[in-house]
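Residue numbers (the numbering used here): 18 to 361. Glycine included, every Cβ here is placed at the ideal spot set by N, Cα and C. Some notes on the structure that comes next.
Next comes the structure, spelled out in structure tokens:
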């Protein structure tokens, strides 16, 4: 297999009891990059990396890690990777040093080499001063850092992290993201899964967006954003009279008739494409999605669209109470491709 790639995935499938958790996934990860799998819970991210880590056997397809097949060279694959699972995998009655010693021996480290590597890892993860106390007394962020430390013990070529910042405080999250970027600067290839769009945007060289077991978009951040073109994102809050929910539906119908309206998507439901206007008369540069807390719109030029939004809202008895305008981002890409918000 071509050694120009740290990871190559080809037509990977995984089925559980007739449910396809992963469907025809193919992707390439270059050496020395941070590659993120971005998608909501249940998208198939964890199942994909479990197959890459040889923890699950694919139903079909194959993948290669540092040139080694996950089907035929599992020991070579496992020696090449460090895996940080979503669930904490530590012995809480042991200290940080004792946990690292146990897992280091599982990697085949012994004696002075093991002691030296434990000291190095404790410094890397910032727990040298807390190495003797029981892990049960650690905060969630400290446990996450120790979990990462375990994966670093044998100096892997590829570090795989599955949702490493879920359920921790902002300071610990910042520490982990900084650490991941530092590992990468030192030459380590990183495969990172997350459902936080902001994390993927910040740290990734390439991103694959997953949904319902499939890769639905793949590229750099800038390449992915180009999918929605030069659009602005508008998040707004709409106030309507109590008991008159039909006003919201009427407003959507009114917006569908505005110039340059291309598509109106209700978050988590069906996508409605407008038919009025020829391509020359109507640009595909407007999209709206609804949820219970407000509306999210993608527009070609917010300065031109906003006056019409306010005017039409007033016309049906609604009131726009807040507006937040942003440049296109990965949330907008996911909304455009699926018709619902990333965290639905």
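Take residue i as the anchor and find which of the options has the nearest alpha-carbon.
| i | options | result |
| --- | --- | --- |
| residue 36 | 53, 256, 59 | 59 |
| residue 31 | 142, 48, 61 | 61 |
| residue 38 | 331, 269, 359, 232 | 232 |
| residue 230 | 22, 33, 248, 102 | 33 |
| residue 21 | 169, 195, 135, 206 | 206 |
| residue 40 | 228, 24, 53 | 228 |
| residue 187 | 156, 234, 224 | 156 |
| residue 74 | 102, 29, 42, 57 | 29 |
| residue 137 | 163, 96, 150 | 163 |
Do residue i and residue j have their C-beta atoms within less than 8 Å of each other?
| i | j | result |
| --- | --- | --- |
| residue 87 | residue 94 | yes |
| residue 117 | residue 166 | yes |
| residue 80 | residue 69 | yes |
| residue 254 | residue 334 | no |
| residue 109 | residue 145 | no |
| residue 44 | residue 217 | no |
| residue 91 | residue 114 | no |
| residue 189 | residue 143 | no |
| residue 82 | residue 168 | no |
| residue 209 | residue 170 | no |
| residue 314 | residue 251 | yes |
| residue 196 | residue 51 | no |
| residue 202 | residue 181 | no |
| residue 348 | residue 358 | yes |
| residue 329 | residue 272 | yes |
List the whole-angstrom C-beta distance separating residue i from residue j, where the pair is believed to meet the contact cut-off of C-beta under 8 Å.
| i | j | result |
| --- | --- | --- |
| residue 353 | residue 245 | 5 Å |
| residue 98 | residue 175 | 5 Å |
| residue 179 | residue 63 | 5 Å |
| residue 322 | residue 248 | Not really, about 10 Å apart at Cβ, beyond 8 Å. |
| residue 53 | residue 211 | 6 Å |
Cβ of residue i within 7 Å of any heavy atom in the ligand FMN?
| i | result |
| --- | --- |
| residue 245 | No copy of the ligand FMN appears in this structure; indeed no ligand is present at all. |
Can you say whether residue i is buried or exposed, counting buried as having 16 or more other CB atoms within 10 angstroms of its CB?
| i | result |
| --- | --- |
| residue 173 | buried |
| residue 338 | exposed |
| residue 256 | exposed |
| residue 290 | Reliability of the predicted coordinates at residue 290 is poor, the pLDDT of 40 falling under 50, and the value obtained from them is presented with this limitation in mind. Per the 10 Å Cβ criterion, exposed. |
| residue 320 | exposed |
| residue 122 | exposed |
| residue 237 | exposed |
| residue 200 | buried |
| residue 324 | exposed |
| residue 351 | buried |
| residue 102 | buried |
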